[in-house]
Amino acid sequence: MSKHVAVLMGGWNNERPVSLRTGAGCAAALREAGYQVTEVDVGRDIVQVLTALKPDVAFNALHGPFGEGGYIQGVLELLEIPYTHSGVLASALAMNKHQAKILFKAAGIPVTDHVIVSRAEAARAHVMAPPYVIKPIADGSSFGVFIVKAETSHPPQELLREDWTSGEEMMVERFIPGRELTCAVMGDVALGVTEIITDRTFFNYEAKYSDGGAVHVLPAQLKPKIYDKVQQFSLAAHAALNCRGLTRCDFRYNDAAGEDGELVLLEINTQPGMTEVSLAPEQAAYAGHSYSELCAWLVEDASCNR
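Residues 1 to 306 (UniProt numbering) make up the sequence shown, in order.
Here it is in C-alpha cells:
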C-alpha cells in the first residue's frame, strides 16, 4: 500500500499564492509517483486537521515564517508525523538571517558586513555608507527588501508604511555588485550552479514568480574554481545549520574584484521554491532527477527528529 502524504500548502502570509502553486505541483508529481495524496490548505486548525487525517508523511510546501521558521516543524514533531526538509532548529536558524550569518562566518563561509536596526532606525537615516541593502531579519521571497544606491540621499520611506507586515527588525548589509548565483543541495550532494539574470533591480518577488522575470543560466558560466567554491560553500552552509532534505543557497559574485572576484553567501533557503520551473527542481533535473523523482525522494527522506 502506498504512503499517504499530506501536502501542506497555502497558509496565511504574503507567500500564500506561491505556496499554493508549489503545493499543487508537488501533489500532482507525488500522485504520478504512486503516492496517496491529500492537499491541505493550512489554517490555524492544522493540529486538528492532521490528527483526523493521520498521514504517513507531511510534505512541507509552505513558505514564510510559519512554514520555514520551525513552527510547523514543531507541530509535526509534537504529532509524531515524519516530514520533509529541515528540522526545527535548522529552520529557525535559517529564517533568522543574523543568526545564520554568525554560523556561516564561524564555518569559514564569506558573508557580508551587516548591522541590525529597527525599522524606524533604518528609515530615519543611513546606518552605513551607501550602497547597502535593507532586508527584514526573518522573511522570505525578497519581501521588504530595498537596495539603497550610492547616490541616494536618504533611506526608503516605504519602511514606515502602516501596512508593513515584514517585522520590526531589519538587517542592513553592504551591497555586493555583480552576479546573482544559486546552488541547491540535495541530501549531501551539491547540485549545479545557476546564474540568475534579471532586468529588475535585483531578484525580487516579481522576478522570481512572474513569467519572463528572470533568465536561469545553468550551468553558470564561471571559472571552474569559482563554480566549485559555490558548491563547496553551499554544502558547508547546509552542514553548518544541520539542514536536511533540500536547501538552496544564494550568492553574490563580484567578478571585477581582484583576480578571483568576491564571492559572498547571502542566505540559505530551507524551503526552496518547488514549482516545476523553480531553481532547485531545475538543478535537480540537470543532475538527472525528474520533478516527480525529486518530490518522491523528499518523501522517502522524511523523518522526525530532524
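We treat Cβ as the ideally placed atom computed from N, Cα and C, and that holds for glycine.
Predicted, not measured: the structure shown is a model, and the values here were computed from it.
Quick check on residue i: does DSSP put it in helix, strand or coil?
i	result
R161	coil
Y205	Residue placement at Y205 is flagged as unreliable, the pLDDT there being 46, under the threshold of 50; the coordinate-derived value follows with that caveat. Of the three classes helix, strand and coil, the one that applies to Y205 here is helix, per DSSP.
V75	helix
Y253	strand
L68	At residue 68 the sequence reads Glu, which differs from the Leu that was named. Three-state DSSP puts E68 in a helix.
I109	coil
G192	strand
G10	strand
L20	helix
S118	strand
H216	strand
T51	helix
S210	With a pLDDT of only 49 at S210, under the threshold of 50, the placement of this residue in the model should not be trusted, and no figure is reported.
M95	helix
S292	helix
I176	coil
C243	coil
L30	helix
Is the Cβ-Cβ distance between residue i and residue j less than 8 Å?
i	j	result
V7	V49	no
E169	I116	yes
W91	T270	Per the sequence presented here, residue 91 reads as Ser, with Trp not at that position. Going by C-beta atoms, S91 is nearer than 8 Å to T270.
P111	I134	One point to set straight first is that residue 111 is Val, not Pro, in the sequence displayed. It is not a contact, given that the beta carbons lie outside the stated cut-off.
E195	R174	no
A236	I109	yes
G23	G10	yes
H238	L279	no
V5	I46	no
residue 312	G192	Since the displayed the chain opens at 1 and closes at 306, residue 312 lies outside it and no answer follows.
F104	L246	no
Quick one, which of the options has its alpha-carbon nearest residue i's?
i	options	result
C304	L20, E151, R244	R244
F59	P65, G69, Q73	Q73
L263	V127, C249, E32	C249
T165	C183, T152, I137	I137
R63	Q283, T275, E282	Going by the sequence as given, residue 63 is His instead of Arg. If we check each option's Cα against that of H63, T275 comes out closest.
A125	P65, F143, S153, G144	S153
R44	P55, P131, V57, N13	N13
L218	F233, N242, A184, V47	A184
L30	A302, R306, L294	L294
G187	N242, K223, A27, A257	N242
E158	R21, A122, K223	A122
So the beta strand (DSSP E) residue i belongs to, where does it begin and stop?
i	result
K135	132 to 136
Q36	36 to 42
L279	Counting along the chain, L279 falls outside any beta strand (DSSP E), though it belongs to the alpha helix (DSSP H) covering 279 to 286.
Compute every distance between the C-beta of residue i and the non-hydrogen atoms of the ligand FMN, then say whether any falls below 7 Å.
i	result
L294	With respect to the ligand FMN, the structure shown offers nothing to examine, as it has no ligands at all.
Open item on the list: Taking 8 Å as the cut-off, does the segment 83 to 95 touch the segment 295 to 302 (at least 3 CB pairs, one atom from each stretch)?
Closed with: yes
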